[in-house]
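Quick notes on the structure that follows.
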Amino acid sequence: MRLSEQIRQAIWGVSAWKGRSLALVVALACAITTIALLLAIVVGFSREIERTSFGAYARALVISENLQVFDRYGPPRLRNISPLRAAIPEAESAAAWRSTFVQFTLVQERRGGFLYGAAGAARAEIDADLAAGRFLNESELAVDGSATQRACVIGATIAANLCTDGAERCLDERLRVNGRDCAILGVLEPSRSVSGRRFDGAVITTFGAAARQFEVETQIAADETSWITLLLPADADRQKAQTAADLLLRKAVGAPLSQPPPFSYQDPSVDVRDLARQRRIFGQILLLVGITACVGGFVAFGSVIAAAINERRREFSLRLTFGATPGDLAGQIAIEALLVGLISGACAILLTLVAVVAAQEFVSIPLALSLDTLLANIAFGLFIALLGAWPVVWRIANAPVNQMLRQ
Amino acid sequence: MTFRLSVERLVRIFPAQGGAAEPTRAVDGVDFVATAGEITALVGPSGCGKSTLLAMIAGLEPCDSGAVRAGAVTVTALSAEKSALWRRAHVGFLFQDAGLVDRMRVIDNVMLPMIYRNAKPRDRRAAAIAALERLGLGNMIERRVDGLSGGERRRVGFARILADPRPLLICDEPSAGLDADNTEEIRKLLQIARADGACIILATHDPELVTVADKVLPMRRGQLVAPDLALRAGAQQAAAAS
Ligand SMILES: Nc1ncnc2c1ncn2[C@@H]1O[C@H](COP(=O)(O)OP(=O)(O)OP(=O)(O)O)[C@@H](O)[C@H]1O
Ligand SMILES: [Mg+2]
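For the record, the sequence lines run as chains A and B. Mapping to the numbering used here: the first sequence position 215 is 215, numbers consecutive. Mapping to the numbering used here: the second sequence position 205 is 205, numbers consecutive.
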């Protein structure tokens with residue numbers, strides 16, 4: 001029998017029982033939409049996590065003064081950096097920071113904000129592109145803090161206030177920090193990672209300028225840092241690096257092991273790891289829901305098809321007497337199921353689109369919808385339909401002809 | 001080569017079911033020959049095995065022993081697939097209940113056997129329309145068969161035979177429940193098919209219809225009885241012909 005003829009017969013089979021086909025399509029389309037939405041949520045959530053965890057800061061060892069204990073050691077110092085790098089050879093780069101709250105004057109407006117003095121590989125931690133101008137150069141970022149130029153790079157949020165007609169215009173504006181001029185070198189885009197976002201509303205300058213020129217009430221000495229960041233490779237042993245740093249710094253400041261650690265070591269990746277764990281649990285729950293939807297769709301589809309076949313026994317026995325082979329009949333049923341699956345997949349695409357638009361309009365679920373996800377709807381439809389119809393198809397293809405004829 | 005059907009010691013035994021002590025010997029050693037242009041009538045009480053025998057001849061029911069041969073083909077030895085292919089090429093059916101597929105249009109019902117023969121769509125449509133018009137159904141081609149009266153349904157069944165004649169025509173009680181006029185129609189139809197050279201096997205209770213047969217084979221409990229009767233009918237036929 002020709003395939004075109006099979007398809008024509010299958011189309012008749014689908015259209016002759018309109019109510020039943022409609023019910024099948026609705027049930028299947030709902031199941032598929034559920035799966036597609038789950039997929040969109042999981043992908044969207046993963047993207048969100050990737051975005052937040054993107055920053056290099058996530059794999060950093062951050063060393064700062066241990067504020068839990070009163071001791072005489074103070075914060076880590078610039079001169080600790082090179083011994084630290086020697087003790088932790090796997091560290092890719094190091095940066096030192098000072099942060100202070102300052103008064104900015106932007107155009108006519110005064111406002112408070114953070115000023116960060118940077119030395120070393122500061123750019124990785126900020127994790128933002130440049131919108132205009134340039135970043136501090138190597139000599140301005142000298143790790144010994146010797147550069148004291150009043151050169152500033154401004155974060156995206158400040159730039160948005162300062163120069164409304166484009167980042168380029170910012171470079172000509174006048175910025176005053178605690179009453180002193182700072183030349184605007186560059187303007188940053190918003191940071192890509194959560195940990196970099198604090199720089200969006202801040203101004204970054206040279207370490208020396210922050211320490212010696214802009215700070216009014218200096219509480220820490222000029223070579224003392226707010227924190228030192230060591231960037232570790234993704235697969236590095238954090239614990240080992242931390243122990244090495246602790247031993248070295250204790251020796252440097254003369255703090256015996258019997259005393260509490262003079263410095264604290266933060267792991268900024270904790271949040272990201274938390275998020276990743278949430279995603280895993282979330283993903284497992286959604287997988288369960290998806291499987292349930294799948295099994296539901298499959299069982300519903302299969303039983304409706306099976307019931308329909310009983311109803312159509314007479315038609316099939318007539319076809320057999322007219323010379324249809326069992327394979328012809330099985331093929332017709334399979335094609336009917338595939339047709340329903342195809343229509344359901346197409347309906348599910350519409351449903352998914354509506355649901356995603358609605359979700360983005362009314363609730364803030366991160367949904368990622370790609371062409372792949374949409375096309376996957378069709379694949380799901382065909383798959384569930386074929387799987388659901390399979391027992392019936394198999395039974396018909398293998399039943400003895402005379403058994404099909406009994407009514 | 002003209003079509004020749006021979007049934008040789010055919011046996012079909014259904015295992016005992018539902019408390020019955022003995023298996024049912026539905027067809028029990030049936031032997032006969034039928035040729036093209038001949039109507040063979042199987043007559044006998046209900047349950048004597050007529051329908052089972054017809055199904056075996058068409059290759060729809062397996063046989064326990066014996067054989068059905070059609071020309072050079074041993075129908076009873078064919079696989080399900082092969083027997084379907086043989087059936088679509090050689091066998092036409094006329095059923096007690098017209099054998100129509102509900103929810104299908106009249107024309108599609110008439111064309112149904114032809115689609116399995118891969119007839120060209122245009123050819124089969126033309127043949128179906130010609131047959132329907134010949135039987136006065138030209139005005140209901142596009143109607144669904146569910147809405148037709150019993151007589152009309154039956155005529156759609158005839159049209160299906162006329163539209164696509166096969167060398168072997170199997171009729172199982174085609175006149176059951178029909179009035180005299182429609183029975184007369186069937187007689188005519190069978191005569192037309194015979195004139196076209198079909199080999200016709202007819203199972204019936206209807207004495208009216210038996211008169212059209214060239215050969216009458218009475219059946220009792222799965223066996224042909226009084227073969228002399230059959231011989232006599234054949235002799236009468238020969239006498240009439242000469
Ligand atoms: N699939 C089956 N399983 C068991 N017994 C069967 C089966 N099919 C037929 N029979 C039995 O075989 C016998 C012959 O049945 P069959 O239908 O051939 O009779 P029939 O001569 O066509 O009767 P009727 O004139 O009522 O149509 C009956 O006793 C019937 O019960
Ligand atoms: Mg019968």
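Note that CB positions come from ideal geometry on N, CA and C, so glycine has one too. For clarity, every value in this text was computed on a predicted model and none was experimentally measured.
Asked: For asparagine 402 of chain A, return the contacting residues in chain B, with the cut-off set at a CB-CB distance below 8 Å.; Found: Ala55, Leu60, Glu61, Pro62
Asked: Let me check one thing: in DSSP terms, what residues is phenylalanine 101 of chain A bridge-paired to?; Found: A:Phe114
Asked: Excluding the 5 residues flanking isoleucine 228 of chain A on each side, which residues of the same chain have their C-beta closer than 8 Å to its C-beta?; Found: Val62, Ile63, Ser64, Pro76, Asn80, Ile81, Leu84, Ala94, Ala95, Ala96, Trp97
Asked: Whole angstroms is fine: what's the gap from leucine 248 of chain A's alpha carbon to valine 43 of chain A's?; Found: 43 Å
Asked: Closer than 8 Å is the cut-off here; do at least three beta carbon pairs connect the region 35–54 of chain B with the region 97–112 of chain B?; Found: no
Asked: Is it buried or exposed, proline 326 of chain A, if we count other Cβ atoms within 10 angstroms and call 16 or more buried?; Found: buried
Asked: Give me every residue whose Cβ sits closer than 7 Å to any heavy atom of ligand 2, in chain order.; Found: B:Lys50, B:Ser51, B:Asp172, B:Glu173, B:Ala203
Asked: Does the beta-carbon distance from arginine 166 of chain B to valine 101 of chain B come in below 8 Å?; Found: no
Asked: Does DSSP put glycine 186 of chain A in a helix, a strand or coil?; Found: strand
Asked: Which residues does DSSP pair with leucine 231 of chain A in a beta bridge?; Found: A:Ala60, A:Ser93
Asked: Compare the Cα-Cα distances from leucine 67 of chain A to each of A:Pro262, A:Ala368, A:Ala244 and report the closest residue.; Found: A:Pro262
Asked: Give a single yes or no on whether phenylalanine 95 of chain B has its beta carbon closer than 7 Å to a heavy atom of ligand 1.; Found: no
Asked: Could you tell me whether any non-hydrogen atom of ligand 1 is closer than 7 Å to the CB of glutamine 17 of chain B?; Found: yes
Asked: Measure the C-alpha to C-alpha separation of glutamine 332 of chain A and serine 21 of chain A and round it to an integer number of angstroms.; Found: 15 Å
Asked: Taking Cβ positions, are phenylalanine 383 of chain A and arginine 88 of chain B nearer each other than 8 Å?; Found: no
Asked: Grab me the residues of glycine 197 of chain B's own chain with a C-beta within less than 6 Å of its C-beta, minus the 5 sequence neighbours each way, in chain order.; Found: Ala36, Gly37
Asked: Can the beta-carbon of glycine 155 of chain A be found closer than 8 Å to that of aspartate 223 of chain A?; Found: no
Asked: Classify glycine 287 of chain B: buried if its beta carbon has 16 or more other beta carbons within 10 angstroms, exposed otherwise.; Found: Residue 287 of chain B is absent from the structure shown; chain B starts at 1 and stops at 242.
Asked: Hey, would you say the C-beta of cysteine 63 of chain B is under 7 Å away from at least one heavy atom of ligand 4?; Found: What this structure holds is ligand 1 and ligand 2, not ligand 4.
Asked: Please find out if some non-hydrogen atom of ligand 1 comes closer than 7 Å to the beta-carbon of serine 46 of chain B.; Found: yes
Asked: With a CB to CB cut of under 6 Å and the five nearest residues on each side skipped, what residues in its chain are close to leucine 311 of chain B?; Found: Residue 311 of chain B cannot be examined here, being either before or after the span of chain B that is shown, 1 to 242.
Asked: Just list the beta strand (DSSP E) runs in the region 304–383 of chain A, keeping only unbroken ones of 3 residues or longer that don't cross its boundaries, in chain order.; Found: none
Asked: Is it true that the CB of proline 268 of chain A sits closer than 8 Å to the CB of alanine 119 of chain A?; Found: no
Asked: Can you confirm whether glycine 323 of chain A, when its beta carbon is compared against all beta carbons of chain B, has any partner nearer than 8 Å?; Found: yes
Asked: What are the boundary residues of the beta strand (DSSP E) that serine 65 of chain B is part of?; Found: 65–70
Asked: Under a CB-based cut-off of 8 Å, is glycine 327 of chain A close to chain B?; Found: yes
Asked: How about glycine 388 of chain A and phenylalanine 298 of chain A: are their beta carbons less than 8 Å apart?; Found: yes
Asked: Does DSSP put glutamine 239 of chain A in a helix, a strand or coil?; Found: helix
Asked: Suppose you measure from the CA of threonine 177 of chain A to the CA of tyrosine 73 of chain A; what does that come to, to the nearest Å?; Found: Just to set this straight, residue 177 of chain A is valine in the shown sequence, not threonine. Rounded to the nearest angstrom, the two C-alpha atoms are 30 Å apart.
Asked: Which bits of chain A does valine 68 of chain B rub up against, with CB to CB less than 7 Å?; Found: None at all; the shortest Cβ gap to chain A is about 14 Å.
Asked: Taking the continuous alpha helix (DSSP H) assigned at leucine 190 of chain B, which residues delimit it?; Found: 180–195
Asked: With a threshold of 7 Å (Cβ to nearest heavy atom), would alanine 26 of chain B be considered close to ligand 1?; Found: yes
Asked: How long is the line joining the alpha carbons of alanine 159 of chain B and proline 113 of chain B, rounded to whole angstroms?; Found: 12 Å
Asked: Measuring only the C-alpha atoms, how far is arginine 279 of chain A from glutamine 242 of chain A?; Found: 28 Å
Asked: Give the residues of chain B in contact with alanine 16 of chain A, contact being defined as C-beta atoms less than 8 Å apart.; Found: Arg103, Met104
Asked: What residue range does the beta strand (DSSP E) around glycine 151 of chain B cover?; Found: Looking at the DSSP string, glycine 151 of chain B is not in any beta strand (DSSP E); the run it does join, the alpha helix (DSSP H), is 150–163.
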